[in-house]
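Reminder that position 156 of the sequence shown reads as 766 in the numbering used here, one-by-one numbering, no gaps. We put the CB at the ideal spot given by N, CA and C, even for glycine.
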Amino acid sequence: MKRNFKCINLAFMILLILALAYLPTFINATPQQNYEIKVNRMIFISDWGLTAVNDTVTIINTGVEELQSVNIGFPNLYLNNLKYYNANLQGEPLTIEKKIDESKEIYWLSYIFPQPLKPKETYNFSSLTVFAGLIRFQRGGYTYSFAEAPALEKQAELCNVTIFFPADASIFLPENSTFKRIGKEPIVNHAFTPLMPYYTKILLLNFSSVTLQLLDIYWSERIISLESSDKIKVSDTFSIHNPGILIAAVKVRLPKGATKIMAYDYAGPLWNDERTGDEAAVSPRFGDIRSNENFTFKLTYELDRKNFIKQIDWRGIYLFNFNFSSKQPWLIDNLTVKVILPKGCEIQDLNVKPEKTVETSYQKILVYSFNGVTPLHDLKFALKYRYSGLWVSIKPLEWILIIEAAIFVFAVVARGRKIALTQAAPAPIDVISKFVELYDEKMFHEKELSEIEETKLRKT
């Protein structure tokens, strides 16, 4: 009996030790956050190969704690393909934090709510992500590769995924694919009921399209000059690579009201005459842009200052509004923008700080650099500046010429005044006549006196 009692005491002591060992863990543990989530995902493939992913998310807090954020991810092998992301809740932007889960190989985007989601309440928010490089060209067509569905930390009751291909696309679904075509349209769809947590299966399918044109824009440079008194002069340079099918021309979007448009390559002008419009189609000097060929060209044009620059103060204060990229339809890997201001231009306010500022004897240049620019990037530029106009804009050589001209004019004027001073001033006719009469009378009397004196001298 005593032996059994000792065994019971020993077992009790072991359980007590284990309980005490794990007690801090239970004390410090955070209550499990529970929520229900539904996702409606629509994926759009543009005619230039960019892929936009739009998620509409409904989340219900079924726990007892407030919910601060929710994570939505994708396989981290597509990490470098992500070029743009944003989200909003009832028109209010959400803060988005990025993090990698190495163990699950998932790249998470953490959507942080402006106000915590209280228990039993619901949030509906939307997110937009843009990927490049999900479309690859192969002989005879293209290949699409991306996650079948979003990666979630909780099971979703419903996740509906729809993929929209270019309008003329012919889609070739794998035999074992759960995605199905919707009617005759180039659209595929699958509803996950439910979607399991940490789902990262890849959808790989082939399709063909004539309208889809893949372009790699290695670099682009935009130079904006405000030196002219009535025009804004702009030049856009593009260095592109065609990884896809043959392309006859590259269409470039231009700011509204562009005139005197001219295209150049390294050999000179590509057109005979200047053009006008909000878009320019540029072709190589000889033929088309074939697959795996490169093409570098420059566009120059002018814009009316009145459409972009407003004087906001009579003392010479102006506001310049512009868009650095004109929202081209493709991805630009590296974009450099230079804003050239005339000498004497005093910057008062800028919405975007330049990477560097270069000043010469004749001008001030603001230099900007951007990476991974998509059509959705908002590269609005606003510059408030003071410019007094004529005198500060005159270059040193022009000052010398002006000074020399002033000296010459002064010499001519002074010489004219000297000549004028040495000449007799014109007098009235009656005054001149009176003067002549008096002068004659004086001469007559002097003659008489002279004759009298001569007579006296003879007599003596």
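Buried/exposed call for residue i, threshold 16 Cβ in 10 Å
{"i": "residue 990", "result": "exposed"}
{"i": "residue 921", "result": "exposed"}
{"i": "residue 832", "result": "buried"}
{"i": "residue 589", "result": "Here the chain has residues from 611 to 1070 only, and residue 589 is not among them."}
{"i": "residue 748", "result": "exposed"}
{"i": "residue 796", "result": "buried"}
{"i": "residue 777", "result": "exposed"}
{"i": "residue 925", "result": "exposed"}
{"i": "residue 792", "result": "exposed"}
{"i": "residue 879", "result": "exposed"}
{"i": "residue 757", "result": "buried"}
{"i": "residue 900", "result": "exposed"}
{"i": "residue 868", "result": "buried"}
{"i": "residue 877", "result": "exposed"}
{"i": "residue 965", "result": "exposed"}
{"i": "residue 896", "result": "exposed"}
{"i": "residue 830", "result": "buried"}
{"i": "residue 862", "result": "buried"}
{"i": "residue 721", "result": "buried"}
{"i": "residue 782", "result": "exposed"}
{"i": "residue 995", "result": "buried"}
{"i": "residue 916", "result": "exposed"}
Inter-residue CB distance, residue i and residue j (contact presumed, cutoff 8 angstroms)
{"i": "residue 706", "j": "residue 719", "result": "6 angstroms"}
{"i": "residue 983", "j": "residue 941", "result": "7 angstroms"}
{"i": "residue 873", "j": "residue 859", "result": "Not confirmed; about 10 angstroms, so no contact."}
{"i": "residue 671", "j": "residue 731", "result": "6 angstroms"}
{"i": "residue 744", "j": "residue 754", "result": "6 angstroms"}
{"i": "residue 766", "j": "residue 648", "result": "6 angstroms"}
{"i": "residue 815", "j": "residue 784", "result": "6 angstroms"}
{"i": "residue 695", "j": "residue 738", "result": "7 angstroms"}
{"i": "residue 775", "j": "residue 919", "result": "In fact, because the Cβ distance is near 43 angstroms, the residues do not count as touching under 8 angstroms."}
{"i": "residue 811", "j": "residue 798", "result": "15 angstroms between Cβ atoms; not a contact."}
{"i": "residue 822", "j": "residue 752", "result": "7 angstroms"}
{"i": "residue 985", "j": "residue 938", "result": "7 angstroms"}
Secondary structure of residue i, DSSP reduced to three states
{"i": "residue 689", "result": "helix"}
{"i": "residue 900", "result": "coil"}
{"i": "residue 915", "result": "helix"}
{"i": "residue 876", "result": "coil"}
{"i": "residue 652", "result": "strand"}
{"i": "residue 846", "result": "strand"}
{"i": "residue 783", "result": "coil"}
{"i": "residue 839", "result": "coil"}
{"i": "residue 962", "result": "coil"}
{"i": "residue 749", "result": "coil"}
{"i": "residue 678", "result": "strand"}
{"i": "residue 771", "result": "strand"}
{"i": "residue 957", "result": "strand"}
{"i": "residue 729", "result": "coil"}
{"i": "residue 969", "result": "strand"}
{"i": "residue 825", "result": "coil"}
{"i": "residue 1030", "result": "Model confidence at residue 1030 stands at a pLDDT of 46, short of 50, so the residue's coordinates are unreliable and nothing is read from them."}
{"i": "residue 987", "result": "coil"}
{"i": "residue 657", "result": "coil"}
{"i": "residue 864", "result": "coil"}
{"i": "residue 589", "result": "Residue numbering for the chain in the displayed model covers 611 to 1070; residue 589 lies beyond these limits and cannot be assessed."}
{"i": "residue 1067", "result": "Note on residue 1067: pLDDT 44, under 50, position unreliable in the model; the coordinate value appears next. It is helical."}
{"i": "residue 881", "result": "coil"}
Of the residues the options, the one placed nearest residue i, counting alpha carbons only
{"i": "residue 658", "options": "887, 794, 799 and 819", "result": "819"}
{"i": "residue 740", "options": "784, 950, 895 and 662", "result": "662"}
{"i": "residue 943", "options": "871, 925 and 980", "result": "980"}
{"i": "residue 956", "options": "768, 825 and 836", "result": "836"}
{"i": "residue 998", "options": "947, 992, 923 and 936", "result": "923"}
{"i": "residue 845", "options": "829, 866, 910 and 779", "result": "910"}
{"i": "residue 933", "options": "965, 993 and 781", "result": "993"}
{"i": "residue 946", "options": "927, 976 and 939", "result": "976"}
{"i": "residue 645", "options": "918, 762 and 857", "result": "762"}
{"i": "residue 808", "options": "759, 863, 823 and 774", "result": "759"}
{"i": "residue 988", "options": "959, 936, 958 and 960", "result": "936"}
{"i": "residue 914", "options": "842, 894 and 830", "result": "842"}
{"i": "residue 665", "options": "958, 959 and 772", "result": "772"}
{"i": "residue 691", "options": "829, 887, 717 and 677", "result": "717"}
{"i": "residue 958", "options": "927, 898, 674 and 650", "result": "927"}
{"i": "residue 888", "options": "677, 781, 912 and 898", "result": "912"}
{"i": "residue 677", "options": "828, 651 and 723", "result": "723"}
{"i": "residue 725", "options": "679, 713, 973 and 687", "result": "679"}
{"i": "residue 667", "options": "886, 675 and 770", "result": "770"}
{"i": "residue 669", "options": "764, 685 and 787", "result": "764"}
{"i": "residue 813", "options": "703, 787 and 838", "result": "787"}
Using 8 angstroms as the threshold, is the stretch 844 to 858 in touch with the stretch 966 to 983, meaning 3 or more CB pairs across them? no
I want to know whether the stretch 709 to 723 touches the stretch 798 to 807 - three or more CB-CB distances under 8 angstroms. no
Using 8 angstroms as the cut-off, can you tell me whether the stretch 696 to 704 makes contact with the stretch 721 to 738, which would need three or more C-beta pairs spanning the two stretches below that distance? Taking a contact to require three or more Cβ pairs closer than 8 angstroms, the stretch 696 to 704 and the stretch 721 to 738 qualify as touching.
Would you check if there are 3 or more beta carbon pairs closer than 8 angstroms linking the stretch 951 to 967 to the stretch 897 to 905? Between the stretch 951 to 967 and the stretch 897 to 905 there are fewer than three C-beta pairs closer than 8 angstroms, too few to call the two in contact.
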